[in-house]
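Protein chains in written order, with this note's numbering: chain F, 113 to 288; chain Y, 1331 to 1524.
Quick look at the structure:
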C-alpha cells in the first residue's frame, strides 16, 4: 500500500462516525481518551455537530437527556473509568426512558498493564446493567461497526439505553 | 433578603415562551407553582447536579428557543464543573438562575459552601461564563430581568434569597409523562415517532 493510500484508507472509526451521523447524532459529548480520538477529531472538524468536552462524564448523561427533550440526539464518549461517574445520572435515563447511547473505550481488561484500571474496568458491565443499560462488546474492527449499527437500532427504534464497549482486543493494550 | 418564590416570580415575568429545566430541590417546587405546571417546564425531582447539563443539551438542540435553568446552590455545587463545560459552548440562548439561600433546604437546612465562603457568581465567571450577576435585593431585579431577556452570551444569575420553604405543590414525578409532555410542547404534538 502506498503512503497516499494508507493516509486515505477508510478506518473502522470512519465507518462508525458515519453511522452515528447518519443516525442523526448532532452532539458528541466526551471526556477525552485515546480510544475515542478519531471520533473526537471528526466531531470537532464537522461543522454540523456540537463537540462538547465535559469536565466529568455524568454531564454527558444530562446533555443526552437535554438534547432528546429538544428533539435531537447526542452520544457520550468515555473511558471505562468514567462509567463509574455516570451511575446516579443514569437514573434520569431509566426513569424517563430516554434513548441513550454511549461508546466506552475499555481499560482494566484484556492484557491491561496498569493495575489501577482493574477495579472500575471489571465493574463496567455489572454497574451499567444494574442501571438498566444494555452492554454490547466489540472485539474487532468489523465487530465495532456491526455493533454500533445494532446499538443504534436498539436506541433509536426500541428506545433502549445501550453501551458499546470498545475492548482492548479492538483498541490495543496501552503501555501506560 | 428576598423571599424565594416571590423573587423568582418577578424574575420570570415576560418569559412565558422560555423552556425551563429545574434542578432537584425547592427550585422545582417554586417553578411548578409559578408556571402552574406548564408543559414547557421539565421539573427534576432527582439526579442532583444534572439540571445545568440538561439545559446545555437542550439549548444546543433548539438554538431558536430560549432556555432557562432554574436551580439551587446545593444542586449547582454538586456538579459545578458543568459550568465550565457550558462556558466552552457558550450557547446564546441559555440562562442559568440559581436561588442561593446558603443551605440544603430539603434535608434539614444544613449549610452549603455558599452559606459561608463560596461565591457561585464569581465561580461561574472564573469558569468562563461571560455574563454573571448577583441579585441581592428588589433593586437588582430589573437588571436581572434585562440579563435574562437580552440575547447574547450564556448568562448566570445568582439570586441571594432568605431561607424558607419552597412553594407547596404536588409535582408530576412520572418520568415518561414529563418527558412526553415537554417534548410534545417543544416539537409540536404529533411529531414523528422515533
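Ideal placement from N, C-alpha and C gives every residue a C-beta, glycine not left out.
These figures come from a predicted structure and were not determined experimentally.
8 Å is my cut-off, CB to CB: does residue i come that close to chain Y?
i, result
"residue 174/F", "yes"
"residue 224/F", "no"
"residue 134/F", "no"
"residue 265/F", "no"
"residue 356/F", "With chain F covering only 113 through 288, there is no way to say anything about residue 356/F."
"residue 129/F", "no"
"residue 256/F", "no"
"residue 125/F", "no"
"residue 155/F", "no"
"residue 177/F", "yes"
For residue i, does the count of other Cβ atoms within 10 angstroms reach 16, so buried, or fall short, so exposed?
i, result
"residue 130/F", "exposed"
"residue 1490/Y", "buried"
"residue 1480/Y", "exposed"
"residue 1366/Y", "exposed"
"residue 1456/Y", "exposed"
"residue 284/F", "exposed"
"residue 226/F", "exposed"
"residue 211/F", "buried"
"residue 1331/Y", "exposed"
"residue 291/F", "A query on residue 291/F cannot be resolved here, the shown segment of chain F reaching from 113 to 288 and no further."
"residue 1378/Y", "buried"
"residue 201/F", "buried"
"residue 230/F", "exposed"
Give the interface partners of residue i over in chain F, defined as CB-CB distance under 7 Å, in chain order.
i, result
"residue 1372/Y", "181"
Chain F beta carbons: is any one of them nearer than 8 Å to that of residue i?
i, result
"residue 1444/Y", "no"
"residue 1512/Y", "yes"
"residue 1479/Y", "no"
"residue 1508/Y", "yes"
"residue 1482/Y", "no"
"residue 1505/Y", "yes"
Which chain F residues sit within Cβ distance under 8 Å of residue i?
i, result
"residue 1516/Y", "181, 182 and 183"
"residue 1315/Y", "Absent from the structure is residue 1315/Y, since the part of chain Y shown begins at 1331 and ends at 1524."
Find the residues of chain Y that neighbour residue i, judging by a C-beta separation of less than 8 Å, and give them in chain order.
i, result
"residue 152/F", "Neighbours of residue 152/F on chain Y: none; closest Cβ ~14 Å, over 8 Å."
"residue 262/F", "In chain order: nothing, as chain Y lies at least about 16 Å away."
"residue 203/F", "1376 and 1377"
Would you please state the rounded distance, in angstroms, between the beta carbons of residue i and residue j? I believe it to be under 8 Å.
i, j, result
"residue 1369/Y", "residue 1486/Y", "In fact, because the Cβ distance is near 26 Å, the residues do not count as touching under 8 Å."
"residue 1412/Y", "residue 1382/Y", "5 Å"
"residue 172/F", "residue 141/F", "4 Å"
"residue 208/F", "residue 1341/Y", "With a Cβ gap of about 27 Å, residue 208/F and residue 1341/Y do not count as contacting."
"residue 148/F", "residue 215/F", "7 Å"
"residue 1352/Y", "residue 1400/Y", "5 Å"
"residue 273/F", "residue 199/F", "In fact, because the Cβ distance is near 13 Å, the residues do not count as touching under 8 Å."
List, in order along the chain, the chain F residues whose C-beta lies closer than 9 Å to that of residue i?
i, result
"residue 1353/Y", "Those within 9 Å of residue 1353/Y in chain F number zero; the least Cβ separation is about 11 Å."
May I ask you to list, following chain order, the residues of the segment 1379-1394 of chain Y that have a beta carbon less than 9 Å from some beta carbon of chain F?
Here the close residues are 1379, 1380, 1381, 1382, 1383, 1384, 1385, 1386, 1387, 1388, 1389, 1390, 1391 and 1392.
Selection of the segment 181-200 of chain F by Cβ proximity to chain Y, strictly under 8 Å:
Cβ contacts with chain Y come from 181, 182, 183, 184, 186 and 200.
By the 7 Å beta-carbon criterion, what residues does the segment 1403-1420 of chain Y contribute toward chain F?
Listed by position along the chain: 1409, 1411, 1412, 1414, 1415, 1418 and 1419.
Anything in the segment 1421-1455 of chain Y with a Cβ closer than 7 Å to a Cβ of chain F? List those residues in chain order, please.
Taking 7 Å as the Cβ-Cβ cut-off, the segment 1421-1455 of chain Y has no residue approaching chain F.
Residues of the segment 265-279 of chain F with a CB closer than 8 Å to any CB of chain Y: list them in chain order, please.
For the segment 265-279 of chain F, residues whose beta-carbon sits nearer than 8 Å to a beta-carbon of chain Y comprise 268, 269 and 271.
Tell me which residues of the segment 158-170 of chain F have at least one Cβ-Cβ distance to chain Y shorter than 8 Å, keeping chain order.
Contact annotation: in the segment 158-170 of chain F, residues whose CB is within less than 8 Å of a CB in chain Y are 162, 164, 165, 166, 167, 168 and 170.
The segment 218-242 of chain F: which residues have C-beta closer than 8 Å to a C-beta of chain Y, in chain order?
Within the segment 218-242 of chain F, no residue has its Cβ closer than 8 Å to any Cβ of chain Y.
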